[in-house]
Every structure is written in structure tokens, then in C-alpha cells.
Amino acid sequence: MSIDVEQFHQVFFDESEEHLENMEQLLMAIDPASPDSESLNSIFRAAHSIKGGSGIFGFSGLGGLTHVMENLLDKARHGEQLLTTDIINQLLHTTDLLKSILDNYRSGEPINQDEIDKGILALEKTINEDGASSMIAEGSDETFGFFDDVEQSEKMDSDAFGFFDEEESNDETSADDKQSSPDDIGFGLFDEEPSEKETVATNTETVKERKPPSAVAPTVAKKSTSVESKSIRVDTSKVDLLVNLIGELVITQSMLMVQGSSEASDSQEKLQTGLVELERNTRELQEAVMSMRMLPISFVFNRFPRLVRDLADKLEKQVELNIVGGSTEIDKGLIEKLVDPLTHLVRNSIDHGIELPDIRERQGKTAAGAITLSAAQRGGNIVIEISDDGAGLNKEKILEKASENGLSVPANGTDEDIWNLIFAPGFSTAQSVTDISGRGVGMDVVRRNIESIGGRINITSTQGNGSCFSISVPLTLAIVDGMCVASGDQVFVVPLVAIIESIQPDNQQLRSIGNEKLLWVRDRYWPILNLAKRMDIDNAVQSPTDAIIILIESSKKRFGLMVDKLLGQQQVVIKSLEQHYKRVPGAAGATIMGDGHVAIIVDVESLADDINEEIAEKQTNERNVDQKHAV
Amino acid sequence: MSETLTKNMRSEHDVHHDREFLSFVLGEEQYALDIMSVKEIRGYEPVTKIANAPPFIKGVLNLRGDIVPIVDLRIKFDVGEPTYNEFTIVIMLNVLDRIVGIVVDAVSDVITLSEDDIKPPPEFGVAFDTKFLHGLAEVNDAMVIIVNIESLISSESLALFDTSNQGGQE
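Top line first, the protein sequences correspond to chains A and B. Residue 511 in the working numbering is what sits at position 511 of the first sequence, and the numbering runs on without skipping anything. Residue 1044 in the working numbering is what sits at position 44 of the second sequence, and the numbering runs on without skipping anything.
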């Protein structure tokens, strides 16, 4: 039995979280001077749903807070309570508090009752301050007592309407002038309907268009969502299971394909047709299942208006946030991993990028800085850009700081080289360490996080005109377009995104520097990395002229990867090596080929690191030798 | 779940707390491991080599969609000749939520032993790491080495798991 209740708890937590997020977004959008009644109603309904659920499950910590919140919101939507920025801030704080209480309940941690009491007090204070003068304050409190009964017993509904209508007309007479005439019409309409004994469902529509009385709103809202909602809540583990099974199916299908094409019999033609059909169906099925994991990136972006507002307030800056391409879809697993890096970059833009209003005006810019968050799909990648029109990166300061921290500064480095210095661990040019940024743990973590999901980050910046951080991540983590290559008797998969071209070099293109081979192609020298050497393969081709060199571009370096031959391009399902084994250096994962064998997916980023390390090692060795000679 | 269930059921039936072990051969020696950790037994198939892995890790294998590491215990324990032919056996183990395959020369029998039958190994004079040893038992006038498979698989010397500090190693 207890397990069953736990299940409901989980649903309640998920729903409450959604309600809170919804509340936060609506609160952010509200203009205190002329609040939109529909949003106020939605916020009220969200608070009410949480209150109802918490009552059922005995999460009293949530109930108390949401009750007071409800009171405040109810007054606000009846125009009894003037909304001010302070009140909205207080409500936002309360949603934060509710979130932390929710987390506590979820993880089974003890609830901080002090915090809750404080939150309730703060909210009540705002109600009393502004509502004390209002004559109706007490009257409507009674109403609330009555409402609670209404929610529990359907039978009382009609009484409630009667009672409420009276209250409502009272309100109307004493309410301030902000009550506009269309609202009056709304109430007029509504008064008639219950007397005509219309069903609740028809009420819904009127209620949705007009301003609904509070007593009906919560129950109605629930019914209407159940009709409108076209989505169902499914545990992610179930979707993941489906994704895995499809992966298996794809592999089995390609195995059949290999078998079927070698089979020579009378029924060959029929078999072939069936196999082709199967291939198409599996591919469509795969796409459909993969799309189940896709979520619009607005799931990440929507948290930023709040963050920007809070930060801008704190730093006394004016910031406008523009969001572009929020509907771009991206794998759910990636969304979670993008939150931290993006938060960091947005914070950085506000803290370091956007200047104070007076400085901006002196420079002939608008007082309010602009930050643009954009997302767009480009091929198999999603490109996310965070750009601001602030001060831009300061080249001198970065160089100064880098040499201070003992980082190796490239001589005559390009702008790009200098910008990349800020990704070094322990780097920060902020004048003072604030609680927003400046500890210097940030940017290297940002880059590492993004690289861990197979993405890359680039910076463009002009001093005085702002900077732009561009992040490119693959659409999904589950499947990769790869080039299958052979090295010795083993097959490897090289992600297609990293490949520029593949060539079979002739002797004229090969150069030699200190016994190291370089490839002269495309007007530059490419270092050559032998995949067989890196992967411990014995019987691979040794001479570059007999091999194929794949020109690879990673976020860090360009290099040529030497392999025996190309086997063909294929979409492969990425399998984790860590599930039963562990991370393998140089491998981004593994996949299962058509013949059932395992093939390692090459991690080009870490191969590039290897080149760097090798060279660095050689250089230090040489330096040691030099020093010995000097002595 | 089912594992503990069957265990409980068995302990109800057998008051002596007898346990079953799968015995196998490495070189000339008889070894055994708890049969509850055995997932399946299959013939040896070519594996995909893993770069920079210790020699006893032969590589990885596709076990119905799971990519599973294969360890040759003959190399690890330095017994017998690591030959691979049609008689070479891989025991797939299900240990600590992971699947690991071990290569052995042959699988011999399922033996039932009570705790009294299992003798402790001598305290010294044996190079074999006693950490991996559950005990020794005399079966049919021959010694069977009972391996503590969980501690073996999770041991650092086998390096099958990422330990927290070497996770980021590249």
C-alpha cells in the first residue's frame, strides 16, 4: 500500500514543480500597473492546486504558504489589492521558498518551519499593509473559509455561487476604478448561467474568456486541462528503455540486411523487398521514438528572465533579455546538461558584459543593455548563442591576468587565442569577487561541461560592442552519424561532424619535421596521428602513402587521422562503455555493427589532447636536455 | 529481487545453509564461484580490443546489446596458458549491477558446500591475494579454490570500474 502512496507523491511533486515554474513565469510577465486578469487567475489556480495536493498528502509546509499566497492573489485579481513590484518580488520569493520546501519533501529532508513561518509572515504583512484600509478585507476572509468547504463538497456549489455573487457585487461597488466595464459584463453573464443550471463545462468557456469568480476557478481549471491536454506524463526511464530497444532493433535489422544480401535463393527478391521495407520502418520508428525525448529548448531559456531580472536589480543595471528560437527541439538529456553552462554565461554577461546605465549613456548606448539568447538547428547540431551589447572582452586585461596566473600566453596570438585563455582553470578578470561571478572556477567548467556532451564553444567579441558566446551541441546523444574506418582488423567509427575530408596522400604532400610527418594540404601543415598506434592495433598499415588520412577538425586543433581504409558512412547507436566497464581514453563510446561486433567510437577531442600532450612532453624533455647542456 | 527471493527460499529449505558453487578450471587448478552471480555460460568469441587496457582485459563483447568487458582470469591469476579455441569458455557474471565475462579453460560442475566445508586459506605462504578468496574446500580429493567474485570484480587491481579520482584521466 505504502508504495502506491509514494507513486502519487511523485506525481504531486512533478505537478507542483510545473505549477511553480508556471507561476514564476507568469509573475515575471505581470505588469504591476495593469495586471492581466487571466495570468492572475492562472497563478491563483497554480497556487490552489499545490495547496489542494499538499493537503491531501499532508505536506503542511506547502499548504500554509500557498494558502496565504492564494489570499493575496485573490485580492489582487479582484482589484482589492494593488500590485506593486515589491509584492511581486515577495511572491517570487515565496515561489522560491515553495520550491525548496518541495525539494525537501521530495528528498525526505526535514522541513525548515522557521523559513515557512517567516515567508507566511512576510506575505501576510504585504496583505495587511495594503489591504488594511480596505473595508472588505475581513469580509473576504470569511469568504475564503467558505471556499474551502466548497472545494470539498460538490453539493454546495450552487450555494457557493449564490453567496459569492453577493460578495462579488459588494466588491464591485467598493472596488477601485481599475475594474473595467468588460469585467462587469463578464459577471453579469456569469450570474445568469448558474441559475440556468448550465453544466460546469459550459461555464468553463465563459470563465476562460471573462474574469472568473474564484470559487469555481480551481475546479473548473482542472476539468478544462484534462480536456485540452494532449500530452501524457511518462517516466523518462520508460522512454529510455524504448530508445534502447529501438537501438537493438536497428542493429538486428542491419544484421539481417547483411545476411539477406548474401543469401542466394529463389525467394531472394521477396526477401530483399521485405528487408528494404523493414529498414524503412525501423528508421521511421527510430525517428519517432527519438522525437519523444526531444524537448523545446525554452525549458532552459524560460528560467532566464527571472535570473536576469534578479541579477540586474542586484547590480543596479538595466538589462533586456531577448529570447529567439525557444521552440528549437533538443534531446532531454542535453537540456539538463546545458542549464549550468548557460546560467554561467548569462550571469557573466550581466556581471562583466553589460555596463552600468550611466556608463552606457556616456558611450552613446541605450541605458538598458540587451542580452540575446538564441537557439537554432544547423544540420545535426543545435547552435545556442548568448550575446550582449556590453563592454566586450578586454584583451589587455585578459593578457595581464593570464601572465599573472602563470598561464602560457601565445606570442602574437589571434583574438581567438586570447579569448580562449578565459577558459583556463582559475582565470577571472572581475575586479572583485561577488556572489554572482568572479571566483574563476566558471569558464573552465563551462567548457568542460559542454565538451562532455560533445559540444564546442566559441567566442567572438569586439571591445565596446559586446561579445557573443556560441555553443554548438549535437541534437541527440543517442545516435551519431559516423564514418566507419578500418585499422588493422578492427573497425572504428569517426563522428562525421569532425571530418573535413579524407585523402590518400602522395609523397609530394608529405613533409618531414624532426622525423615527424606533416601533411601539406589545403594551404596548411597537418600533424598526423596514427589511429592504430593510439588504439594499440598491431597489423595496421604503416606508411602514410598506403593509408587514408582523415582531416579532422576538433574545437581545439586540426589534425590528420591515419587509418587503413574507409568502410562507409553509417548512423550508429551510441552505447555506453561505462555501464559495464569504464571510460576508455580516446573513445566516446561504442556501438554494435551489423555483424554483431563492437566498434569503438573515436573521441576526436581527446585525440587532439593527446597530440598536445605528446608535443608538450617532447618539449619538456628537450628543454631538460638543453638545460643539462647549459650546465 | 528474484535473486534474494530464491536465496531466502533455499535457506528455508536447507537448514544447513548450503550454497551452490559453479566450479571451473584454470590451467591445472579447480576454482569455484557463487552460482547466484552467474548469468550464463557461452563459448569464446573474438572481442573488440580496448586501447591501453591491462593484458588480462581481452576487450569488449556485444551481449545482446550490452557492451560487456571480458577478463581472462588465466592471465590475471597467472595460471595455465591463455589459448583460445572452440573449447574456451566465457562465464558471464552479473555482479554489482554490471555484466562481466570471465574467460576460463572449462566449466566442470555445480557443487554444494556448507559453510563448514569451506576452510580458510593458510595465513601466509600463499601469494594468491586472500582478498579475493572466500576459502578453500576439499571436493573429491582435490582442492577447490572458492573465489569471492564480488571483491575480485570490484577490486582496483582488475581496474574494471572507474574509481572517482581516475575518472577524468585522458
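All C-beta atoms in this analysis are idealised placements derived from N, C-alpha and C, irrespective of residue type, glycine included.
- Residues of the segment 573-588 of chain A that bring their beta carbon within less than 8 angstroms of a beta carbon in chain B comprise K575, S576, L577, E578, Q579, H580, Y581, K582, R583, V584, P585, G586, A587, in sequence order.
- Under the Cβ criterion of 8 angstroms, I418(A) is not counted among the residues facing chain B.
- Take the alpha-carbon of R511(A) and the one of M1036(B): they are about 60 angstroms apart.
- For Q1030(B), DSSP records a beta bridge to V1025(B), V1144(B).
- Taking N22(A) as the centre and dropping the five residues before and after it, the same chain places the C-beta of A46 closer than 6 angstroms to its C-beta, in chain order.
- For F1161(B), there is no enclosing alpha helix (DSSP H), as DSSP marks it with neither H nor E.
- The alpha helix (DSSP H) runs lying completely inside the segment 15-92 of chain A and spanning 4 residues or more are 37-57, 60-77, given in chain order.
- Beta-bridge partners of T462(A) (DSSP): G466(A).
- For the set R534(A), L567(A), D564(A), L519(A), the Cα lying nearest the Cα of L551(A) is the one of L519(A).
- In the structure shown, Q579(A) falls within a coil segment according to DSSP collapsed to helix, strand and coil.
- Following the DSSP letters along the chain, one finds M294(A) inside the beta strand (DSSP E) bounded by residues 294-296.
- DSSP, reduced to helix, strand and coil, places K517(A) within a strand of the structure shown.
- Beta bridge pairing from DSSP links G442(A) with no other residue.
- Within the segment 536-566 of chain A, the residues whose Cβ lies closer than 8 angstroms to any Cβ of chain B are, in chain order, D536, I537.
- Minimum Cα-Cα distance from K1039(B) among the listed residues G1135(B), D1078(B), I1099(B), F1077(B) corresponds to I1099(B).
- For I479(A), there are no neighbours in chain B by C-beta distance under 9 angstroms, as the nearest C-beta there is about 15 angstroms away.
- DSSP places E1040(B) inside the beta strand (DSSP E), whose first and last residues are 1038-1043.
- Each of Y525(A), S452(A), P495(A), D564(A) was checked against the Cα of R558(A), and the nearest Cα belongs to Y525(A).
- When C-beta atoms of the segment 27-34 of chain A are compared with those of the segment 88-102 of chain A, three or more pairs fall below 8 angstroms, so the two segments count as touching.
- In the DSSP annotation of this structure, the continuous segment of the beta strand (DSSP E) that includes E553(A) starts and ends at 548-553.
- Beta-bridge partners assigned by DSSP to Y525(A): W520(A).
- Here the alpha carbons of T236(A) and D86(A) stand approximately 39 angstroms from one another.
- Residues of chain A with a Cβ closer than 7 angstroms to the Cβ of L1160(B) are, in chain order, Y581, K582.
- For A370(A), the closest of D389(A), D340(A), P32(A) by C-alpha to C-alpha distance is D389(A).
- What I232(A) touches in chain B, judged by beta-carbon distance under 8 angstroms, is nothing: the nearest beta carbon there is about 27 angstroms away.
- For G333(A), there is no enclosing beta strand (DSSP E); the residue is part of the alpha helix (DSSP H) that begins and ends at 332-348.
- Residues of the same chain with a CB within less than 6 angstroms of the CB of S54(A), apart from the 5 flanking positions on each side, are L62, G63 in chain order.
- When Cβ-Cβ separations below 8 angstroms define contact, N1052(B) makes contact with chain A.
- Against chain B, the beta carbon of G596(A) has neighbours under 8 angstroms at N1062, listed in chain order.
- Straight-line measurement puts the Cα of I1146(B) at about 18 angstroms from the Cα of V1071(B).
- In this structure, D74(A) is the residue among I611(A), Q509(A), S34(A), D74(A) with its C-alpha nearest to the C-alpha of I43(A).
- When CB distances to chain A are screened at a threshold of 9 angstroms, not a single residue of the segment 1103-1123 of chain B falls below it.
- When C-alpha distances from G326(A) are compared across I592(A), L295(A), E15(A), the shortest belongs to L295(A).
- For G247(A), the neighbours in chain B by C-beta distance under 8 angstroms run, in chain order, G1065.
- Under a criterion of Cβ atoms nearer than 9 angstroms, no residue of chain A is adjacent to R1042(B); the nearest Cβ is some 13 angstroms distant.
- With contact defined as three or more Cβ pairs closer than 8 angstroms, the segment 561-575 of chain A and the segment 1075-1095 of chain B are not in contact.
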